[in-house]
Structures are given as C-alpha cells and as structure tokens.
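Have a look at the structure below, then the notes.
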Amino acid sequence: MSKFKAVVVGAGGISGAWFPPLLAEKVNIVGVVDINVAAARQRAEEHKLACETSDNLAGTLKRTRPDFVVDLTIPEAHGKVVCTALRHGCHVIGEKPMAGSMAEARRMVRAAREAEKLYMVSQSRRYDAVHDAARRLIASGKIGKITTVQCDFFMGAHFGGFREEMPSPLILDMAIHHFDLARYFTGLDPRAVYAKEFNPAGSWYQGDVSASCIFEMSDGAMFTYRGSWCAEGCPTSWNGSWRFIGEKGTILLENDQPARGQVVAGDKPAFHVKLKDIHAPKPTLKFLKQHGALREFLAYLRTGRQPQGECHDNIKSLAMVFAAIESNQKSKRLAVRV
Ligand SMILES: NC(=O)c1ccc[n+]([C@@H]2O[C@H](COP(=O)([O-])OP(=O)(O)OC[C@H]3O[C@@H](n4cnc5c(N)ncnc54)[C@H](O)[C@@H]3O)[C@@H](O)[C@H]2O)c1
Numbered sequence: 021m022s023k024f025k026a027v028v029v030g031a032g033g034i035s036g037a038w039f040p041p042l043l044a045e046k047v048n049i050v051g052v053v054d055i056n057v058a059a060a061r062q063r064a065e066e067h068k069l070a071c072e073t074s075d076n077l078a079g080t081l082k083r084t085r086p087d088f089v090v091d092l093t094i095p096e097a098h099g100k101v102v103c104t105a106l107r108h109g110c111h112v113i114g115e116k117p118m119a120g121s122m123a124e125a126r127r128m129v130r131a132a133r134e135a136e137k138l139y140m141v142s143q144s145r146r147y148d149a150v151h152d153a154a155r156r157l158i159a160s161g162k163i164g165k166i167t168t169v170q171c172d173f174f175m176g177a178h179f180g181g182f183r184e185e186m187p188s189p190l191i192l193d194m195a196i197h198h199f200d201l202a203r204y205f206t207g208l209d210p211r212a213v214y215a216k217e218f219n220p221a222g223s224w225y226q227g228d229v230s231a232s233c234i235f236e237m238s239d240g241a242m243f244t245y246r247g248s249w250c251a252e253g254c255p256t257s258w259n260g261s262w263r264f265i266g267e268k269g270t271i272l273l274e275n276d277q278p279a280r281g282q283v284v285a286g287d288k289p290a291f292h293v294k295l296k297d298i299h300a301p302k303p304t305l306k307f308l309k310q311h312g313a314l315r316e317f318l319a320y321l322r323t324g325r326q327p328q329g330e331c332h333d334n335i336k337s338l339a340m341v342f343a344a345i346e347s348n349q350k351s352k353r354l355a356v357r358v
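The numbering of the sequence shown is our numbering, which starts it at 21 and goes up by one.
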C-alpha cells in the first residue's frame, strides 16, 4: 500500500477511468463520496474497497483524514468540493474543466494558494503518447519559432441529453480540450480572442454548436480554431487536426497518427524552396490519460516537482473558453484574462 490516503468524490461515468490507476498506484482509498450515495456504494463494491461511503464530504474528510481528494463531480460542483478539500488540509486532483465560471475558478486558485496545497486539474489529452511525441518534435526547434497554429474539429455527434440543450456546447464542453492542447503543444499562452459561435441550419442542438475562434498567443503567434459537433461526414478525430507553422517549416498532426512535417532543406532562392521531411520521435510515454495525470500528481507529493495542470497554469486554458464565449456575445476582440 502506498503511503497516500485518498477520498474520491463523484462516482459517475468518469470515475471508471480513475479507480484502476488509483489502485494500480496502491493509493489507499479511504472514502468514496457522492450526493447519490448508492453510486458511491456501487463503485466501492465494484472495486472491493472496504472504505467509508457517504454523501457528506466534510464529514468523511474529518473521519478519514486523507492526503488528497480526487474530484470527479460535475463542473458546477468542482468549486465547492475543491475548496472543502483544501480547507481540510488536502491536496486535490480533479477533472477538467476547473469550474463553471471564471469567478469560481479564481476563488479555487486563491484557496489553493492560501491553503498552500496543490490543486491540479487533469487534462487527460496531455497524457497521450502521440501528443507527447508531437510536442517534442515541435519543441525540437526544427520548424523554428511557431508563428501559426490551426486546429479543426468536426464531427456529427448525436449525444441526446444536456449537451443538446445547453448554450455553447462545443466551446464549453469540448473546446477546453483543444484550447488546452494548443498551450501544451506550443508552450504559448493566450493573450486575446475574437470568436464567433453559431448554430448551423439543420442543427439538432439548441445552443451554438459551431465556432470559429482566432486567438492571439504570446510571442506573436496566432491560433485559429474551427469546430462543430453538427457536421455530418468526414469527421476529424476527437483530438482534432492540427497544423503548426514555424519560420522554417510545418508540422501536421492528423487522425491521431504520428506527427510529421516538412522543413526548408536548402538556401537556394526559388519559388518553392527545397524541403525535407521530418517525423516525430518514437512515442515513449508510458502512463496515459488519467493514469499519466495521477503519476505526475503523486510525484509532486513525493518530490515537490510541479505537475502540468497546476491550477495557476490550468486557469489559462479555462480563460480561453470564457473569453471566447464573451467575445461572441459582445461581437468583439477581447483580452483573455485569468
Ligand atoms: N477527461 C475526459 O475526457 C472527461 C470525460 C468525461 C467527463 N469528464 C469530466 O469529469 C467530470 C465528471 O463527469 P462524468 O461524466 O463522470 O459525470 P456524471 O454525471 O456521470 O458523474 C458525476 C457524479 O458526481 C456526483 N456529484 C455531483 N455533484 C456532487 C457533489 N456536490 N458532491 C458529490 N458528488 C457529486 C453525481 O451524483 C454523479 O454521480 C466532469 O467535470 C467532466 O467534464 C472528463
């Protein structure tokens, strides 16, 4: 058994992706909490956990005194759950998105700072072997300084349920992944955005499910995002199709295949200069998705090494979401503020 004790809050769909890595890392799960206590009990039984199940987080924290809390509740509950855990002296790792509003997210970041505890948001798509290799190819400098990034995400997605009724389903529920990936791949941060959301003719969604966003990033780079969940035919992958242009070449990341590209090969002047192919290094990332995030979190507890998704950093990805929505509402370019 690892020396770390944890309480898991939220026993819904995504918890199925968290219990196996928690158990593989020998974390001692001392409590499972859900407002639907039957769901908490069911998960505990499924994983043969002889632990407390309850619908009262504060009570469970007082009784079990864990080192950390895993927040797998719905976005609107993250603020309350995370702040309660921090107040009880726990570190927190939680699912994206950090919160349902920027005001709430700022409160959570402040609470982590005041408690002097880690609050890490898990963005599972950062822990993907193809993405890791693509990021290393971009960082190798072969295409030079990044000037332009594009991401296309198109899919006909018939979820039914809340996504078809909410406003901004694409930007709020999906684009957080792509916006965070843009920061992950390039190391650039958002500065400003102009966004237009819309609901195409024939849409089965009530809210605006398509969008085009132009982000001005740090270092003068531009990131253009085009996406829709209401686009039948020729879908992209869930991770989107990416093009990274640098001063010396281009890298493509498409259909979840290893990144590849072309760079300038000679210095002879010509209309089309000579190019040579470049390829991503071999994928080496061992711990994927939620397991990768958990490994970084546990490494912080052991060594103090800062993980990706630390809340002061992750709030920048969330800020892209809310700035894009506000830009659309106001029909104007807005600064992205954290
Ligand atoms: N990384 C990914 O790719 C990915 C995929 C799916 C969901 N998620 C994220 O995971 C989170 C949970 O999503 P889900 O699909 O499991 O939702 P879900 O609705 O299936 O489960 C959420 C659970 O949280 C419980 N809950 C709600 N409020 C609570 C509170 N205040 N205290 C305790 N329990 C509470 C609910 O009763 C429910 O059992 C969301 O933030 C979602 O965006 C991430």
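Just so you know, even glycine gets a beta-carbon here, dropped at the ideal spot from N, CA and C.
- Taking C-beta separations shorter than 7 angstroms and ignoring five residues to either side along the sequence, the partners of LYS116 in its chain run VAL141, SER142, GLN143 and ILE196, following chain order.
- The DSSP-derived three-state label of GLN282 is strand.
- Per DSSP, the continuous alpha helix (DSSP H) segment holding MET122 begins and ends at 122 to 135.
- Assigned with DSSP and collapsed to three states, HIS178 falls in coil, not helix or strand.
- With respect to LEU272, GLY266 sits apart: the two C-beta atoms are not nearer than 8 angstroms.
- Straight-line spacing of the CA atoms in THR304 and ALA149 works out to 6 angstroms.
- Remark: the C-beta of PRO117 is in contact range of ligand 1, defined as less than 7 angstroms to any heavy atom.
- The nearest non-hydrogen atom of ligand 1 is less than 7 angstroms from the C-beta of THR93.
- Leaving aside the five residues that flank HIS108 on each side, the residues in its chain whose CB is nearer than 6 angstroms to its CB run, in chain order, LEU81.
- Contact between LYS25 and ASP91 fails: their C-beta atoms lie close to 16 angstroms from each other, not under 8 angstroms.
- Under the Cβ criterion (8 angstroms, minimum of three pairs), the segment 126 to 139 does not count as touching the segment 166 to 184.
- Assignment of ASP172 by DSSP, reduced to helix, strand and coil, places it in the strand class.
- Relative to ligand 1, GLY33 has its C-beta within less than 7 angstroms of a heavy atom.
- Bridge pairing for THR244: GLN170 and ILE234 [DSSP].
- In this structure, GLY30 has its beta carbon less than 7 angstroms from a heavy atom of ligand 1.
- Under DSSP, CYS250 forms a beta bridge with GLY176.
- Secondary structure note for MET140: its beta strand (DSSP E) is the uninterrupted segment 139 to 142.
- For ILE34, the CB contacts under 7 angstroms within the same chain, skipping 5 residues up- and downstream, are LEU92 and GLU115 in chain order.
- In the structure shown, PHE24 adopts coil according to DSSP, grouped into three states.
- Here the alpha carbon of GLY30 sits roughly 25 angstroms from the alpha carbon of LEU201.
- ARG61 and ALA97 have their C-alpha atoms some 20 angstroms from each other.
- Taking a contact as a CB-CB distance under 8 angstroms, the pair PHE243 and SER230 does not count as one, their CB atoms being some 18 angstroms apart.
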